[in-house]
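Here the structure comes first, spelled out in structure tokens, and everything after it is commentary.
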Amino acid sequence: MFEQFSRGYYLGRLYVEPRDDAAAAMCREQHERVNEQLYASGEGVERTDYPLVMKLGSQHFAVHGDEQVPADTLVVPETMLADANVRNPPSLEEVFLAKADHAAQLLSISEGTPTLPDTAV
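Just so you know, we're using this note's numbering here: the sequence shown kicks off at 1 and counts up by one.
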């Protein structure tokens with residue numbers, strides 16, 4: 001789903017579509033799998049429900065898992081679609097996923113969003 005892109009990001013392609021909710025989300029099963037593969041340290045039992053940090057256009061945002069979201073789909077608030085120049089949703093778009101250490105930094109500066117534990121970085 002995501003492949004190596006740079007020191008700070010993985011690159012993936014997901015169908016992006018609007019959502020009435022203020023929070024971005026993706027398929028819960030895929031969210032947990034990506035969280036486990038790319039954010040977990042591999043030491044002991046770890047949570048896989050921490051938010052992933054993605055970038056669409058120029059905006060970074062936390063992404064949570066949601067059982068209502070179909071596989072390979074990212075749902076975002078409608079206002080974010082215009083800012084990211086997404087036309088005619090659902091639209092297959094390139095999405096950047098921040099690597100664990102970069103994600104922790106981005107979450108720590110984002111007001112009201114929990115940071116990843118030190119063991120996951």
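Idealized CB from N, CA, C, for every residue including glycine.
* Asked: Buried or exposed: Ala71, going by 16 or more other Cβ atoms within 10 Å of its Cβ?
  -> Flag for Ala71 reads exposed.
* Buried or exposed: Asn88, going by 16 or more other Cβ atoms within 10 Å of its Cβ? -> Exposed, because fewer than 16 other Cβ atoms sit within 10 Å of the Cβ of Asn88.
* Asked: Around the C-beta of Leu30, are 16 or more other C-beta atoms found within 10 angstroms, so that it is buried, or is it exposed?
  -> Before going on, a small fix: residue 30 reads as Gln here, not Leu. Classification of Gln30: buried, given that the 10 Å Cβ count is 16 or more.
* Run of the alpha helix (DSSP H) containing Gln30, from where it starts to where it stops -> From DSSP, the alpha helix (DSSP H) with Gln30 extends over 28 to 34.
* Asked: When DSSP labels each residue in this structure, what does Met54 get in the three-state scheme?
  -> In the three-state reduction of the DSSP assignment, Met54 falls in the strand class, which pools E and B.
* Hey, how far is the Cα of Phe96 from the Cα of Tyr50? -> So the alpha carbons of these two residues sit roughly 17 Å apart.
* To do: Using three-state DSSP, classify Glu67 as helix, strand or coil.
  => Coil.
* Select from Leu14, Gly65, Arg33 the residue whose C-alpha is nearest the C-alpha of Ala23. => Looking only at Leu14, Gly65, Arg33, the smallest Cα-Cα distance to Ala23 is reached by Gly65.
* Asked: At which residues does the beta strand (DSSP E) containing Ala98 begin and terminate?
  -> According to the DSSP assignment, Ala98 belongs to the beta strand (DSSP E) that extends over 91 to 98.
* Asked: In the DSSP assignment, what are the bridge partners of Arg13?
  -> As a beta-bridge residue in DSSP terms, Arg13 pairs with Glu94.
* Asked: Considering only the beta carbon of each residue, do Pro77 and Glu17 sit closer than 7 Å?
  -> Going by C-beta atoms, Pro77 is not nearer than 7 Å to Glu17.
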